[in-house]
Structure formats: C-alpha cells, structure tokens
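Novice:
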Amino acid sequence: MTDIRQLATDWDAIVVGAGPAGLAAARVLHSAGLSTLLIDENPAPGGQIWRAVTSTPLLDQSVLGLDYWAGLEPVRGAIGSGLAIATATSVWSADRGGQVGISCNGVTRMLTAKRVVIATGALERPFPVKGWTLPGVLTVGAAQGLLKSSGRVFSGRVVIAGCGPLLWLYAAQVLRAGGTIAHILDTTEAAQFRPASRGLAGFALSSYLAKGLALMAEVRRRVQVISRVTALEIEGQERATGVRFEARGRSGQVAADVVLVHQGIVPQVNLAMAAGVPYRWDAAQLCFAPVADESGQTPLARILVAGDGAGIAGWEAASARGTLAGIAAAQALGASGPVPNGRSERAQVRRKLRARGFLDRLYRPADAFRRPTGDVIVCRCEEVTAAEVEKGIDLGAIGPAQLKSYTRCGMGPCQGRLCGLTVTEMIAARRGLTPGEVGHYRLRAPVKPITLAELASLPADDAAVRAVVRN
Amino acid sequence: MKFSFGTLLKEALSGHRGWPRQWREPEPKPAYDVVIVGAGGHGLATAYYLAKEHGIRNVAVLEKGWLGGGNTGRNTTIIRSNYLCEESEALYEHAMKLWEGLAIELNYNVMYSPRGVMMLAHNEHDVRIFKRHVHANRLAGIDNEWLDPAEAKGFCPILNIDSRLRHPVLGAALQRRGGVARHDAVAWGYARGADALGVDIIQGCEVTGIRRAPSGEVTGVETSRGFIGAGKIGVVAAGHTSVIMAMAGVRMPLESFPLQALVSEPVKPVMPCVVMSNTIHAYMSQSDKGELVIGAGTDAYVSYSQTGGLHVTRHTIEAIAELFPVTRRLRMLRSWGGIVDVTPDRSPIIGRTPVPGLYVNCGWGTGGFKATPGSGHVFAATLARDEPHPIAAPFTLDRFVTGRLIDEAAAAAVSH
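Those protein sequences? They're chains A and B, same order as listed.
Following the working numbering, the numbering of the first sequence begins with 5 at its first residue and continues without gaps.
Following the working numbering, the numbering of the second sequence begins with 194 at its first residue and continues without gaps.
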C-alpha cells in the first residue's frame, strides 16, 4: 500500500485510474519527462479489464484470454518504469484548478497538477428488474472480478441474464476455468438486428466479429441459451432461488442459486462531473459522457478525459485514447522529452468507434429493462420503487435533484451511481423530454464517501488558512 | 383535502391512491395584484399570509427553478430566537411563536421539533457575549440559559468537554424551545396553503426584467414566460436579490456568499439536540433519517456559485471531529451549497424601496430558515398596507443611510 504522506504535493500531471487508458496516458507523460502520478483505487494497476493481471491464480492463459493477458506488459511496464503509482488510493475530489483530493488508509492529501487526466473507466448499467437486490444476485462484472482476482467460480446453479459482449466473455471464461452455467437468458432484442446491421460493415472489418462469434459458439455448445427474453423476475424470499421469464411470448422458470445480471457498461462520470466538466447525453449508448475533443481535452483547460470514462469503446480504443490524452497534456505543458505523434492511435480510435456502432445498437438494452415499473426497486440504497419515482414525477418533480426531496432517491451511500441513469430515463420518458434535457444528479466532492476523520486530517496549506481565518 | 386522522386512515385502507396533488401548475395570468419573486419558504409564506390575512388572492409567486429548491432546501433547518437586539428578538420570537402553531395553521406536518439549540462558548469572549445574550433574552421574556461544560455535556452526551482541546468548551447558551423542522415540508405546506387560497405558483419562470411606468412605479415583470403585469412586486430572492433589484435600478447593500453543508451516512440516534459553534463556524444536528447534518461557514469571497471551498468544510470538520469524537469514523455522503445574502449589520431588510410598488425581503444571511413564518407574516402585512408592520419597521433599507443599524454580528452565529 502506498504511503501517500510521502508523495510530493505538486505534479505536472495526475492520472486518475490505472486501466488501459490511464496506464497509456501516464506512460506518455512519464516518458516525456513530466512529473506524473498515477492513482488507482485497486491494490494494483490494471483497471477492471486487467484486474490482478500480475497476481491472478489463473495462470493458464487460455482461461481469461488474450485480451486479458495483453495487460501484463503495460502493467509491468508501468511498475518498472519509475512512474509514481499510488495504489489502493481513492480520488474523492478534483477541480478545474487541478487540485485533486486523495485518500488512502485513513490519510488524506490535497495534491495539485497542471493537467489531470480522468480515466475512471466504466461501470455496469443498472439492471432494475424485480428481485435484483436479493442476496445471490450479482452483476457479471462483479463475478468476473472474483474470477480474475481469486480464480473463483460459483458453485450451484448459475443463471446469467442480460445482454452484451461482457456476458459472453465471462460465460466462456467460467466454462474454461471449470465452472458451470445452468442457463443464459439472453435479452438481446430481435428488433435491433435490422437497425444494427447498418453498422455491420464497420463491425465486420474489426476483430470483434470473429472474436464474438467464436465466444458465442463456445458458450452455446455447453450452456442452454434462452434467447429473445422480454421480461425477467428474480424469485426468492431470503435470497435468489430462481428466475421467471418471458421469451418469444411464452413464460418460463428456471431454478438458480446465483443470478448474474448484465446489460452493458456506461462511463463512470462522477469525478469528471463533480469537477465541472460539461456532459452530454449519448443517444446511441444511452448514457452520459463528458464533453471532450478527440484527444480527450475537455472545455476545462486543466482536465482531460480518456478511455471508457469518455465514452464506451473497449480497451484497445481506451488505450489509444489514453495515449492521445497523454500527448495532448504533454504538448500543452511543453514537455522536453519525446512525445509520440499519435497518428496510429487516432486511426485505431476511429476504427474501433466505427465497429462500435453495431454493438451499441445490437445490445441496446430494451426499454423495459431500463425503465422499470411497479414495485421494482430503482434506488437500492433508499429502497425507492419505480412506482414511487413515477408518483414523484407526476407530482411535478422536474428533474433528479427535485425528485430527491420527494423520494430520497439517489441520496444513499452509492451517491446515485446505481440509480442515476434509471431515474433520468424515467423522468425523460414520463415528461416527454430527452435524457439530456433532464440531466443527471448534481455531483460534488466527495465523490467517494470519505470519513470525517480523513477530511479533518487534511493538512491545511497557507492559502487554505488565509481563506478561513480572518483578521 | 383537509389532512386528518380520518383521511389518513381512509387512505391507509385504500392503498393511498386518493391523495390529491398539493398545488396546481397554472399558466401565468396577464396580470396580478401582487407578484412575489422567489418561491422559497419566505416567498411562499408571504403569498400565504397575503391571501389568508389580507384577502389579497390575485397573487403569483414566480420561481426560476422549483419551489423550495433554493436556500429553503439547502439549509440545516435550525430554529431559535435568542438574538441580542430588541428589534431582532421581536422578529425572531414572532417567528418562533408561529412555528409553534404552524403545523396546525397549515394543516401540514412541518415536523417542527423543539429539541433545544445549544451554542458553544470556546473562549472568554464567547462566554461574556453569550452570557450577555442570556440576560438580554430573559429580560425580553425569551428563554435562554447558561450551562457550564458539565451541564452542556449532560444535554448533549457525545460532546467532548476535555479542556485540552483546540476549541475547549467553556460553557454554552441553551435555548430549549429552539430546534429544527423539515425544510421541504415548510415550503410544501405554505405552497399548498397558498394554492388553496387561489395563489398561482409558477415554477420554471425566471424574472429577467422589471418594467416601470414613466412616473417610476412598477408595472410588472419580464419573465422567461413573457410579461406579467403587477400592481406590486415583492422580491424575496435570497442570494440573487441584488440581481433582481438591479433590474429596477436599485443597488442593495448585500454581499452574496456560498454557504455549505454536508451530511454523514445515517446512524442510530446519538445527537439529541442542535449544537452550534460560532467561533469555528460549525453546527450539527441529526436528521430523522439518522444522518448527521453539518453546517460549515461561508466562503471568504463573494460568489453566485452554489458550491463552496473545500478548505471551509475541512476547517469545520476538523472542529466537529474534535468536539464529537464519535463522528470520526462516519462517512460523508453528500455536500451542497447555497447562496446567502448578507447585510453589513447581519440583520435582514424588510420593506419598501425607493421604487414605488417594489418591496424587498432579503439579507437573512445564514439564518433565514428560522424566520420563515415570521418573515412572510410581517412582509405580507407590509405589502398589503404599504406601510411597515411594526415588527418589520426597524428593518428598513434606509437604515444604511440613517445609521440606525441592528448589529447582530455575534448572534448570527456564523462568521461572515
């Protein structure tokens, strides 16, 4: 664990998040001779995709696959390069002035940087169906984290429900690791094939097509896949015991000990939003994304965004975008060392984004799974149901902030991460607006809940003392 | 619908499907007798009392955002009346009396909870000034008592009275009738009451100009939803009052600062009262949900940004963590800011302005919530009669010309 008391206060660049984008950005900045600090919440660099790549017990490379092991070189490279890396360290604040609040092991610091690259990656889209908060229900991402870091698969009857590339990847990895999956309930909508096929050309030219088909074939050989699922309900009193579903107009039921849900990933935008970066609604990916140019430069001079946190495009694009953000920051700071020109990365990003159109459309989560109704829980921290949210909207709540005071929705420990998109989409649909017009919860530091003691222990610099002590 | 045990029982048995909307969403009419700018607690209370006590029902309350979404929804809901000067004592005590009957008056549970407000003295200066307040208040018939450190701890057991603290507790002034209320409920209760009496509450309607006749008096307001005529205009816009008043060419002796607050994760009841500390600009109470609600000081510079400096929060939390060591391991969940409008003498401005037909109610600084019912009540009377309500009379705008100030810098409880 890093002793953050030893870190310098002022940096040329601070990179938040050590996934593919953060690692690439930090590499460019460090090689360019700029003092660079890479910060990540996890015990080691790698982000979600390369989680525990230097310590995983699953050493048979065929289990987790080439995309996973592609992380070994960047992670080892970063550790061995002399780059300053603060692991197990949370970033709970960043502002337009380049001040970054960090916390590790009860110690809190405020650091400043001339450029902050926010590469906070993605989180899984909320999947609010009946029973999604029962014990025994996890997201596929969480299950994959267990697999990567500890080599764990679930015993008992595992049912996976949802859609998206990660679902198939995880299923294949579990089977290769010796685990079993009882059923996959595929919620991909048949109606999306035709509109998605417009992006097929770009997709076919990418490596995704072959990879995807192979994965699906591998899984389908050994798992019963029920496709065209249009309704889901997780059953159980004390914990999940089964899943009831409708598929192709018929209803069915499967028993389950563990239910894993997933319907795609969305940018993790809390830190960028709290820093004041303007954001926009991405109608193709159905999520908010920060406003930034191709190199990740936001309208705030000191803040750049990179990777899936700037818009979902997969790890190769994230890595390329990290490099581009690193280049932009290094050039802005007049780095003395070598800075790559970024031409191949730019091409890489464009290629990946072209291929992405097909995936985004095909795996566009169905409306019913994004905008729940009735007694399905929307905000799990405060246990607010969809019916209560709808009632609040009908009573005149014009946006997420006002809905808070009607329902407490979004006011719990997750700080709105798990209900933000659902609430925005529900308000938009019911009031006839676009989600962009409705907006997101207003976000502020601390974007990670830190303790009072951590905040109280923050060393005060001269400027801070002058700001509160009056003569 | 009148709320009662009977209606509650009926709804409880029928699945709560019969509760009606609490207020309408009307389109603005071409003109009103009175237009109130700002649908916070003070503005809504003004409209309510105009309709209820003065029979003036052709009233609109215009709100840029949504009702109760400004400082009414952003404060730490402290209610007390232990101010120093006679003028302020009368004003805040008037409000306190109204608080005590407000739920019945509005037929709406505003969750007023007189759990006691304790103000900590950390140095000899604090001790002397608070004792002076205690004496002054008791002479005026307002409850306030002096507690020594042990008594203070008796009243609030989680308080740390170790004499070696950076900010030791040398004693405290306690107003037992002081307490808290649910901020949203206050706005909602007044909105429902005003609406039922015919007041139009128009949300999402930003005032962009004040139109005046050649002879000088106001004729109405330009808004994002078109021109709305008005016989009289009452500006109750807190931190944005100077902006609105400038539209009529009136410069206000106000500075607007961000003021911050934050809450912890919820825990079981540990904090039976409200504790405030002027010296370190910190105040804390526990919400019904169980979250500790912590108020910090104002930023040192003026701003219209509804966020504040982190160093100000840090300064507050440092003291809170020392005074209440049990809070140290609690996580901070949310923080927010509001814009407070502060006058040079820390007392509000209620009354007429140099522009005929234009009235203002502002300058409540960091302590406006506690005054909500009283402020609306006296401002409504002032608007209706075109002469100051006796309690509001000393709080004129021209006191900054005549020099008859009402200095409450010490009682305002947060250093400005």
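Here a beta-carbon is modelled for each residue, glycine too, at the ideal position from N, C-alpha and C.
Where does residue 318/B land, buried or exposed, given buried means 16+ other C-beta within 10 angstroms?
Specialist: Here residue 318/B refers to the residue found at position 125 of the second sequence. Residue 318/B comes out exposed.
Novice: Does residue 107/A get closer than 8 Å to chain B when you measure Cβ to Cβ?
Specialist: Locating residue 107/A in the first sequence gives position 103, where the first residue counts as 1. Answer no: the Cβ-Cβ gap between residue 107/A and chain B never drops below 8 Å.
Novice: Using a C-beta to C-beta distance shorter than 8 Å, which residues of chain A count as neighbours of residue 525/B?
Specialist: Sequence index remark: in the second sequence, residue 525/B carries index 332 (1-based). Here the neighbours are 450, 453, 454, 455, 456, 459.
Novice: Taking the beta strand (DSSP E) that residue 412/B falls in, what are its first and last residues?
Specialist: Taking the second sequence and counting its residues from 1, the one referred to as residue 412/B is at position 219. 411–416 is the span of the beta strand (DSSP E), which, as asked, contains residue 412/B.
Novice: Closest to residue 45/A by CA distance: which of 70/A, 109/A, 9/A, 83/A is it?
Specialist: On the first sequence, position 41 is the one that residue 45/A refers to. Of the candidates 70/A, 109/A, 9/A, 83/A, the one whose C-alpha sits nearest the C-alpha of residue 45/A is 109/A.
Novice: Below 6 Å CB to CB, which residues in the same chain sit around residue 226/B once its five sequence neighbours on both sides are set aside?
Specialist: Taking the second sequence and counting its residues from 1, one reaches residue 226/B at position 33. 249, 251, 424, listed in sequence order.
Novice: Any chance the segment 70–80 of chain A sits against the segment 13–28 of chain A, with 3 or more Cβ pairs inside 8 Å?
Specialist: Because the criterion of three Cβ pairs below 8 Å is met, the segment 70–80 of chain A and the segment 13–28 of chain A touch.
Novice: Determine the burial state of residue 609/B: buried for a count of at least 16 other Cβ atoms within 10 Å of its Cβ, exposed for fewer.
Specialist: Position 416 of the second sequence, counting from 1, holds the residue named residue 609/B. Legend: pLDDT at residue 609/B = 43, less than 50; position of this residue unreliable, no value from coordinates given.
Novice: Using a beta-carbon distance below 8 Å, is residue 415/A in contact with chain B?
Specialist: As a working mapping, residue 415/A is identified with position 411 in the first sequence. At least one chain B Cβ lies under 8 Å of residue 415/A.
Novice: Which class does residue 482/B belong to by DSSP, given the choice of helix, strand or coil?
Specialist: Your numbering for residue 482/B matches position 289 in the second sequence. In the structure shown, residue 482/B sits in coil (DSSP, three-state: anything other than H, G, I, E or B).
Novice: Assuming contact is defined by CB atoms lying nearer than 8 Å, are residue 561/B and residue 235/B in contact in what I supplied?
Specialist: In the second sequence, residue 561/B corresponds to position 368, counting from 1. In the second sequence, residue 235/B corresponds to position 42, counting from 1. Yes.
Novice: Spatial neighbours of residue 475/A within its chain, please: C-beta separation below 6 Å, excluding the five flanking residues on both sides.
Specialist: Taking the first sequence and counting its residues from 1, one reaches residue 475/A at position 471. Only weak support exists for where residue 475/A lies, its pLDDT of 49 falling under 50; the coordinates are left without a value.
Novice: Taking only three categories from DSSP, how would you classify residue 274/B?
Specialist: As a working note, residue 274/B is residue 81 in the second sequence. Residue 274/B: coil per DSSP, three-state reduction.
Novice: How do the segment 447–457 of chain B and the segment 563–580 of chain B stand: do at least 3 beta-carbon pairs fall below 8 Å, yes or no?
Specialist: no
Novice: Would you report the Cα separation of residue 430/A and residue 69/A, rounded to the nearest angstrom?
Specialist: Numbered from its first residue, the first sequence carries residue 430/A at position 426. Numbered from its first residue, the first sequence carries residue 69/A at position 65. If you take the alpha carbons of residue 430/A and residue 69/A, they lie about 38 Å apart.
Novice: Do residue 381/B and residue 215/B have their beta-carbon atoms positioned less than 8 Å apart in this structure?
Specialist: By 1-based counting over the second sequence, the position of residue 215/B is 22. By 1-based counting over the second sequence, the position of residue 381/B is 188. Cβ atoms of residue 215/B and residue 381/B: closer than 8 Å.
Novice: What span of residues does the alpha helix (DSSP H) with residue 504/B cover, start to end?
Specialist: Here residue 504/B corresponds to residue number 311 of the second sequence, with the count starting at 1. Per DSSP, the continuous alpha helix (DSSP H) segment holding residue 504/B begins and ends at 503–516.
Novice: Would you say residue 539/B faces chain A, with C-beta separation under 8 Å as the test?
Specialist: By 1-based counting over the second sequence, the position of residue 539/B is 346. No, residue 539/B lies away from the interface with chain A (no Cβ there is under 8 Å from its Cβ).
Novice: Rounded to whole angstroms, what is the Cα-Cα separation between residue 389/A and residue 373/A?
Specialist: Locating residue 389/A in the first sequence gives position 385, where the first residue counts as 1. Locating residue 373/A in the first sequence gives position 369, where the first residue counts as 1. Near 14 Å, if we compare the C-alpha coordinates of residue 373/A and residue 389/A.
Novice: Check the Cβ-Cβ distances between residue 470/B and every residue of chain A, and say whether any is below 8 Å.
Specialist: On the second sequence, residue 470/B is found 277 positions in, with the first residue counted as 1. No, residue 470/B lies away from the interface with chain A (no Cβ there is under 8 Å from its Cβ).
Novice: My understanding is that residue 272/A touches residue 124/A, with C-beta atoms under 8 Å, so please give their C-beta distance in whole angstroms.
Specialist: Indexing the first sequence from 1 puts residue 272/A at position 268. Indexing the first sequence from 1 puts residue 124/A at position 120. Rounded, the Cβ-Cβ distance is 4 Å, consistent with contact.
Novice: In the DSSP assignment, find the beta strand (DSSP E) that holds residue 283/A and state where it starts and stops.
Specialist: Along the first sequence, read from residue 1 onward, the residue named residue 283/A stands at position 279. First-last of the beta strand (DSSP E) with residue 283/A: 283–286.
Novice: Kindly give me the distance between the Cβ atoms of residue 61/A and residue 145/A, rounded to whole angstroms, as I take these residues to be in contact under 8 Å.
Specialist: In the first sequence, residue 61/A corresponds to position 57, counting from 1. In the first sequence, residue 145/A corresponds to position 141, counting from 1. That belief does not hold up - the Cβ atoms of residue 61/A and residue 145/A are roughly 19 Å apart, past 8 Å.
Novice: When DSSP labels each residue in this structure, what does residue 404/A get in the three-state scheme?
Specialist: As a first step, residue 404/A is located in the first sequence; it is residue number 400 there, counting from the start. Helix, per DSSP.
Novice: Taking only beta-carbon positions, decide if residue 475/A is within less than 8 Å of chain B.
Specialist: Here residue 475/A refers to the residue found at position 471 when the first sequence is read from its first residue. Low confidence applies here, because residue 475/A scores a pLDDT of 49, under 50, leaving its location unreliable; read the following figure in that light. Not an interface residue.
Novice: Give me the Cα-Cα distance between residue 595/B and residue 418/B, rounded to the nearest whole angstrom.
Specialist: Counting from one through the second sequence, the residue named residue 595/B turns up at place 402. Counting from one through the second sequence, the residue named residue 418/B turns up at place 225. Rounded to the nearest angstrom, the two C-alpha atoms are 39 Å apart.
Novice: How would you list, in chain order, the residues of chain A whose beta-carbon sits under 7 Å from the beta-carbon of residue 521/B?
Specialist: Working through the second sequence from its first residue, we reach residue 521/B at position 328. Neighbours of residue 521/B on chain A, chain order: 455, 456, 457.
Novice: Kindly provide the ranges of any beta strand (DSSP E) runs that are 3 or more residues long and lie completely inside the segment 19–88 of chain A, ordered along the chain.
Specialist: When DSSP assignments are scanned along the segment 19–88 of chain A, the uninterrupted stretches of beta strand (DSSP E) that are 3 or more residues long and fall wholly within it turn out to be 40–43.
Novice: So who's on the other strand from residue 366/B, going by DSSP bridges?
Specialist: Counting from one through the second sequence, the residue named residue 366/B turns up at place 173. According to DSSP, residue 366/B bridges with 312/B, 339/B.
Novice: Give the list of continuous alpha helix (DSSP H) stretches no shorter than 4 residues that lie fully inside the segment 83–147 of chain A.
Specialist: none
Novice: With a threshold of 8 Å between beta-carbons, can residue 427/B be considered close to chain A, or not?
Specialist: The sequence position of residue 427/B within the second sequence is 234, counting from 1. Residue 427/B does not count as touching chain A.
Novice: Leaving out five residues before and five after residue 377/B in sequence, what residues of the same chain have Cβ atoms less than 7 Å from its Cβ?
Specialist: Taking the first residue of the second sequence as position 1, residue 377/B is located at position 184. Hits under 7 Å: 261, 266.
Novice: Looking at residue 555/B: is its Cβ nearer than 8 Å to the Cβ of residue 566/B?
Specialist: As a working mapping, residue 555/B is identified with position 362 in the second sequence. As a working mapping, residue 566/B is identified with position 373 in the second sequence. Not closer than 8 Å, so no.
Novice: So which residues on chain B does residue 400/A lean against when the C-beta distance must stay under 7 Å?
Specialist: Taking the first sequence and counting its residues from 1, one reaches residue 400/A at position 396. Simply 218.
Novice: Can you tell me which of 412/A, 361/A, 243/A puts its alpha carbon nearest to the alpha carbon of residue 197/A?
Specialist: Position 193 of the first sequence, counting from 1, holds the residue named residue 197/A. Sorting 412/A, 361/A, 243/A by C-alpha distance to the C-alpha of residue 197/A places 361/A at the top.
Novice: Using DSSP bridges, identify the partner residues of residue 235/A.
Specialist: Your numbering for residue 235/A matches position 231 in the first sequence. Its beta-bridge partners are 250/A.
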